[in-house]
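> Each position in the sequence shown, counted from 1, maps to that position plus 11 in this note's numbering.
Note that beta-carbon positions come from the ideal geometry of N, C-alpha and C, so glycine has one too.
Sharing a structure below in structure tokens format, with a few things to ask.
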Amino acid sequence: MNRMNIIAPSLLNSDFLNLGQQVKAVEQGGAEWLHLDIMDGNFVPNISFGPGIAANIRKASSLVIDCHLMIEKPEYFVPLFAKAGANIITVHAESTRHLDRLVHQIQECGCKAGVSINPATPIEAIIQVLESVDMVLVMSVNPGFGGQSLIPYCLDKIKRLRALAPSLDIQIDGGVKLDNILACKEAGANSFVVGSAIFATPDPETTTREFVRLVNT
Ligand code: DX5
Ligand code: ZN
12 MNRMNIIAPS
22 LLNSDFLNLG
32 QQVKAVEQGG
42 AEWLHLDIMD
52 GNFVPNISFG
62 PGIAANIRKA
72 SSLVIDCHLM
82 IEKPEYFVPL
92 FAKAGANIIT
102 VHAESTRHLD
112 RLVHQIQECG
122 CKAGVSINPA
132 TPIEAIIQVL
142 ESVDMVLVMS
152 VNPGFGGQSL
162 IPYCLDKIKR
172 LRALAPSLDI
182 QIDGGVKLDN
192 ILACKEAGAN
202 SFVVGSAIFA
212 TPDPETTTRE
222 FVRLVNT
């Protein structure tokens with residue numbers, strides 16, 4: 012993956028009855044990735060959708076499909092999301108006993124591998140795999156729901172990771188808005204998940220365009 016500034020709209024808070032239309036809106040707004048939040052009701056206290064919906068989104072769009080697995084037993088689901096057409100699969104360090112093996116499993120399925128850490132998990136939890144992963148996702152809210160506020164100390168984690176890995180893709184997820192995205196960029200993130208700040212606005216296409224412009228100027 013190139014180091015460029017990417018807006019990855021999260022479909023979690025989009026209008027599921029008009030999913031195809033919502034995907035087209037952010038695509039036309041200039042988003043390059045689609046962020047799919049997969050929740051199982053165990054790892055996080057919410058349920059979203061599974062590989063079937065991901066496969067339908069894959070058919071509807073040529074954007075990079077970025078799957079964020081917030082689930083127990085990610086080892087079991089990695090092949091299913093790869094088959095559904097995911098380009099990037101991100102797993103939580105807290106969700107597996109064998110993170111190194113899981114990273115390689117994702118890559119052997121033909122996908123880029125991301126690892127994620129919850130706000131309270133120190134960056135030390137992923138330091139050993141930084142050389143193997145394609146991306147790190149730093150959660151800036153406690154995962155489970157869209158529409159929460161960014162936890163400021165998470166930006167310090169991004170700063171420290173960026174100092175350790177100057178060319179790594181670092182994604183931030185949770186509470187990213189038009190008024191704080193430049194602080195996230197300043198901290199060192201280059202991929203920005205944006206959920207409610209796009210889909211809770213009346214015109215997701217125009218809002219996406221504003222985000223894309225802002226991080227690339
Ligand atoms: C939270 C998810 C996020 C979230 C982003 O568990 O991983 O992707 O939906 O939504 P906002 O931008 O509203 O925080
Ligand atoms: Zn996410």
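(1) Check C120 in the structure and name its three-state DSSP category.
(2) Answer with buried or exposed for N201, where buried requires no fewer than 16 other C-beta atoms within 10 angstroms of its C-beta.
(3) Just to confirm, does V147 get its C-beta within under 7 Å of one of the non-hydrogen atoms of ligand 1?
(4) Measuring CB atoms only, is the stretch 41 to 50 touching the stretch 71 to 81, in the sense that at least three cross pairs come out at less than 8 Å?
(5) Please determine whether the Cβ atom of L225 lies at a distance below 7 Å from any heavy atom of ligand 1.
(6) Just the Cα atoms here: how many angstroms apart are L47 and S106?
(7) Could you check if S21 belongs to the surroundings of ligand 2, using beta carbon to heavy atom distance under 7 Å?
(8) Taking the alpha helix (DSSP H) that F92 falls in, what are its first and last residues?
(9) Pick out whichever of D145, N153, S160, A194 has its Cα sitting closest to the Cα of I169.
(10) Hey, would you say M81 sits closer than 8 Å to P20, going by beta carbons?
Taking the coordinates as given:
(1) Along the sequence shown, read from residue 1 onward, the residue named residue 120 stands at position 109. Coil at C120, not helix or strand.
(2) Numbered from its first residue, the sequence shown carries residue 201 at position 190. It is buried - the Cβ of N201 has at least 16 other Cβ atoms within 10 Å.
(3) Along the sequence shown, one-based indexing puts residue 147 at 136. Checking every heavy atom of ligand 1 against the Cβ of V147, none is found closer than 7 Å.
(4) yes
(5) Position 214 of the sequence shown, counted from the first residue, corresponds to residue 225. No, the Cβ of L225 stays beyond 7 Å of every heavy atom of ligand 1.
(6) Position 36 of the sequence shown holds residue 47. Position 95 of the sequence shown holds residue 106. Rounded to whole angstroms, L47 to S106 spans 17 Å at the Cα level.
(7) Residue mapping note: residue 21 aligns to position 10 of the sequence shown, counting from 1. Result yes, Cβ under 7 Å from ligand 2.
(8) Counted from its first residue, the sequence shown places residue 92 at position 81. Per DSSP, F92 belongs to the alpha helix (DSSP H) from 85 to 95.
(9) Taking the first residue of the sequence shown as 1, we reach residue 169 at position 158. For I169, the nearest C-alpha among the options comes from A194.
(10) For the purposes of this step, residue 81 is taken as the residue at position 70 of the sequence shown. For the purposes of this step, residue 20 is taken as the residue at position 9 of the sequence shown. No, Cβ-Cβ distance for M81 and P20 is not below 8 Å.
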